[in-house]
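Mind the numbering: the sequence shown is residues 428 to 701 in the numbering used here, read in order. Quick reminder that beta carbons are idealized off the backbone N, C-alpha and C, glycines included. Data block below; observations after.
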Amino acid sequence: MKRIAWILIAASAGFSQAPSIDDIMGRVAANQAKSVEARKQFVYRQQELVAMHQSNGKMTCEQRREYTVTPMADGIERRLVNPPGTNGELRRCNVDLSGGSGENLSVTTGSEGDSFSTSLGKTKDGVPRGLFPLTAEEQQVYEYKLAGTEMHAGRKVYRVTFRPNQQKDASGNQGYWKGEALIDAEEFQPVQVNTDLTIGIPLPVRILLGTSVHGIGFTVSYRRLADGVWFPSGFGGEFSVRALFFFKQVVAINVTNSDFRHTDVNSTLTFDGK
């Protein structure tokens with residue numbers, strides 16, 4: 428009987444073992460493509476905040492926008508609900524997160540441009556994809572490791588770390604980010620992803636603009652709306668910028684998605700957005 432009990436315990440331990448990192452990330456990549464299609468079923472509200480302040484805490488500029496986001500065949504359409512206000516003496520912010528892998532960034536003040544808003548509008552779900560390497564294409568230039576298994580918000584998750592593998596994909600792109608991701612152990616969907624830039628802003632840009640950027644990092648959190656449907660609910664980051672060799676600023680970005688409404692049925696899915 429003892430022998431049978433040990434066999435059952437060993438079998439149970441085997442079933443509880445985490446899959447390999449290749450299996451985990453392979454399933455995540457497959458689900459990313461499915462998620463893009465599933466998210467087309469939802470209309471939602473997007474609140475966007477871009478703020479800049481000096482190292483002494485004095486606010487330089489602040490820009491708030493709210494959109495109604497509607498899925499389209501090739502991405503999303505954002506309808507501006509409230510135009511950005513002037514908020515007294517504060518000037519408009521312009522933040523550009525351009526580049527296929529999110530490697531380029533420029534920040535200016537006193538500009539009527541809205542590069543950051545425009546970049547969000549060109550994504551498929553309102554979050555800059557290049558910042559969080561989860562798709563099959565993006566995974567080609569990263570190395571992933573399983574750091575452990577834990578519980579998060581009542582669900583079992585895998586903690587996965589990643590960093591550039593020093594390789595280039597077919598288009599010549601390479602990885603720029605390091606970080607970690609929490610992956611839902613049942614549905615193999617990202618729950619939270621944190622990234623930090625592994626290199627500085629490219630030297631030609633620093634020389635041209637006199638800009639030194641430090642502490643570039645971003646976080647995206649996901650919420651489970653239905654079986655197999657996970658949606659980016661929050662995206663944000665904060666970093667310091669030294670421009671024109673003397674002008675140091677701290678930039679904060681925060682985007683919140685909420686009030687999800689299914690496009691096919693007369694129902695609403697909501698969450699508190701915290």
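Looking only at PHE615, GLU614, ASN600 and THR622, the smallest Cα-Cα distance to GLU607 is reached by THR622. Residues ILE448, VAL587, THR588 and PHE589 of the same chain have their beta carbon placed closer than 8 Å to that of LYS572, with the five preceding and five following residues left out of the count.
The segment 609-616 and the segment 590-597 do not touch, with fewer than three beta-carbon pairs separated by less than 8 Å. For GLN473, the enclosing beta strand (DSSP E) has its first and last residue at 469-480.
Residue pairing by DSSP places ASP611 opposite VAL584 in a beta bridge.
The bridge partners DSSP lists for PHE658 are ARG650. Of the residues assessed, GLU565 falls on the buried side of the cut-off, its CB having 16 or more other CB atoms within 10 angstroms. Between the alpha carbons of ARG688 and VAL470 lies a gap of roughly 5 Å. One alpha carbon belongs to ALA679, the other to GLY644, and they sit about 10 Å apart. Taking a contact to require three or more Cβ pairs closer than 8 Å, the segment 494-508 and the segment 468-484 qualify as touching.
For ASN681 and GLY602, the gap between their C-alpha atoms comes out near 24 Å. Beta-bridge annotation (DSSP): ARG492 is paired with GLU475. Within the same chain, Cβ atoms closer than 8 Å to the Cβ of ALA456 are found at LEU561, THR562, ALA563 and GLN566, the five residues on either side in sequence being excluded. The C-alpha of LYS467 lies about 8 Å from the C-alpha of THR497.
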